[in-house]
Each structure stands twice: as C-alpha cells, then as structure tokens.
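Chemist: Taking this note's numbering, I'd label the letters of the sequence shown as residues 1 to 230.
We put the beta carbon where it would ideally sit given N, CA and C, even for glycine.
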Amino acid sequence: MAELAEEAGITVRTLRFYRERKLIPPPRREGRIAWYGEHHLARLRTIGALLERGHTLGGIAELLAAFECGRDVGELLGLAGAAITTPWSRETAVRLTPEELADRFEGQVTPENLTAALDIGYLAADGDEIVHVSGRLLDASTTLVRDGVPLAAVLATAREVRAHADALAEAFTALIRTHVLAGAATDGTAEVSEALDRLRPIAKTVVDAELSLAMDRRVRAELQAWLSGH
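#1: Between 154, 93, 173 and 8, which lies nearest to residue 116 when the distance is taken from Cα to Cα?
#2: Identify whether residue 47 lies in helix, strand or coil by the three-state DSSP scheme.
#3: Where do the ends of the alpha helix (DSSP H) carrying residue 13 lie?
#4: Given this structure, state the Cα-to-Cα distance separating residue 41 from residue 23, to the nearest angstrom.
#5: Starting from the C-beta of residue 135, find all residues in its chain whose C-beta is less than 6 Å away, skip the five residues before and the five after it, and write them out in chain order.
#6: Is the number of C-beta pairs between the stretch 198 to 205 and the stretch 217 to 229 that are closer than 8 Å three or more?
#7: Using the beta-carbon count (16 or more within 10 Å), is residue 71 buried or exposed?
#8: Which whole runs of the beta strand (DSSP E) in the stretch 200 to 230 are 3 residues long or more, in chain order?
#9: Should residue 212 go down as buried or exposed, given a rule of 16 or more other Cβ atoms within 10 Å for buried?
#10: So what does DSSP say about residue 128, is it helix, strand or coil?
#11: Please report the residue range of the alpha helix (DSSP H) in which residue 33 lies.
#12: Whole-angstrom Cβ separation of residue 4 and residue 36, contact assumed at under 8 Å?
#13: Under the assumption that residue 151 contacts residue 129 (Cβ atoms under 8 Å), give the Cβ distance between them as a whole number of angstroms.
#14: Whose C-alpha, out of 104, 98, 137 and 126, is nearest the C-alpha of residue 120?
#15: Nearest-angstrom Cα distance between residue 46 and residue 226?
#16: Give a yes or no on whether the C-beta atoms belonging to residue 21 and residue 61 are separated by under 8 Å.
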C-alpha cells in the first residue's frame with residue numbers, strides 16, 4: 001500500500017480513505033498479502049486529475065460508478081466533446097480461465113511470471129477468471145512464446161516497452177498541455193475535443209513511423225555485426 005501511495009503522490013492515509021469511500025477497487029489478496037496493480041494506480045491518477053478540475057469526492061464517486069456501469073461520463077462531466085473522455089486505445093479485454101492461460105503458455109505460467117504480468121497491468125483477477133487487458137498484446141505474447149522466446153523475457157521487454165510508451169505519451173500530452181489547453185478558453189471544451197480528435201491519428205502515425213525507422217536502423221546494425229563475425 002505504501003508503494004502505491006508513493007507512486008500516486010498521495011499519503012497512505014489518503015489511500016485508505018479512498019478505499020473506505022470505495023473510490024478504488026479492492027486489492028487482489030493472497031492470504032494476508034494485498035496486491036495492487038496498474039489499474040489501481042490509473043484510478044488514483046484519474047481521481048487526482050478530477051480533484052484538480054474542482055470535482056468533489058462525491059461527484060468523482062458518481063462519475064466512476066457511471067463509467068463502470070457504461071453510462072456517458074462525458075455527459076456527466078458536462079463536456080462539449082466526447083473526445084476528452086473517449087479512451088485513445090481500442091483494446092478488447094480477453095477473459096480466460098486459468099487452464100486456458102496455461103494452455104497458451106505451456107509450462108511457463110509460473111508464480112514469478114504471473115506476478116510480473118499482474119504488476120505490469122496485463123492481467124487482473126475477476127472471480128474464477130483471469131482478464132487480460134488487451135487481446136492484441138495477448139496474441140503477440142503467445143506468438144513470441146511459441147517462437148521460442150521465454151515468457152519471462154517477453155514480460156521483461158513488455159515492462160521496458162511500457163516505460164517508453166509512457167514517455168511517448170507524455171511527449172504528446174505536453175503538446176496538448178502547452179499548445180492546446182493553455183490557449184483554450186474556460187468554456188472551450190469543443191475546441192479541445194476537436195484538437196484531440198486531430199491528434200489521435202497523428203500520434204499513432206508518428207510513433208509507427210519512428211518505430212519502423214528505428215527497427216530498420218537496429219536490424220541493419222545487428223545484421224552487419226553478425227556478418228562481420230562470420
């Protein structure tokens with residue numbers, strides 16, 4: 001709990017208060033150990049952002065409850081454009097039984113790998129089922145393991161990719177903060193919404209192009225090094 005509070009920039013006392021108000025979901029428990037994951041951290045950051053915008057804890061509880069029930073959170077927030085609250089990702093979660101997960105990664109669903117996947121935020125427990133945050137990431141991991149890459153190595157790389165992805169997201173967020181939000185009027189949510197709509201495909205195009213170019217450079221260098229050694 002202390003680590004989660006520190007990562008979220010709040011006190012343990014505040015975190016306990018949020019738990020008592022049911023603003024964050026309960027942790028996954030193994031005996032007397034409580035496990036918190038990326039989804040708890042994301043929820044805390046959402047609460048912090050809403051508090052900064054002037055929402056009360058009671059109002060935030062209503063918003064979170066609406067979101068979990070599938071109601072229109074953008075309407076509750078009073079925003080002119082849905083783009084502000086519409087998730088950028090279009091990932092589809094996948095529900096698996098423990099047996100189905102074991103079949104995908106035969107012999108490699110160890111306690112260490114499960115802990116790593118939970119810590120990264122790939123997996124979450126929901127009753128007797130396991131929920132993977134993204135079908136595309138699950139398929140990619142499955143393919144890599146079937147091609148001979150150890151699951152532990154896949155998860156270690158995933159942690160690095162997540163860190164770099166967060167840095168990329170911060171770069172684009174800074175653009176919004178500096179050049180869109182700073183110049184928008186208090187009631188200019190429609191303007192911000194339109195800017196975000198335009199930024200979505202641009203950000204994806206830039207990241208895809210840069211990653212492709214970087215892979216070209218890296219693969220070319222690796223191939224040259226391999227050839228020089230033969």
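Modeler: Straight from the coordinates:
#1: 154
#2: helix
#3: 12 to 20
#4: 12 Å
#5: 92 and 94
#6: no
#7: Summary for residue 71: the model assigns pLDDT 48, below 50, so the residue's position carries little reliability, and this model does not support an answer.
#8: none
#9: exposed
#10: coil
#11: No alpha helix (DSSP H) holds residue 33; the beta strand (DSSP E) holding it covers 33 to 35.
#12: 5 Å
#13: Going by Cβ atoms, the distance from residue 151 to residue 129 rounds to 20 Å, so no, they are not a contact pair.
#14: 137
#15: 47 Å
#16: yes
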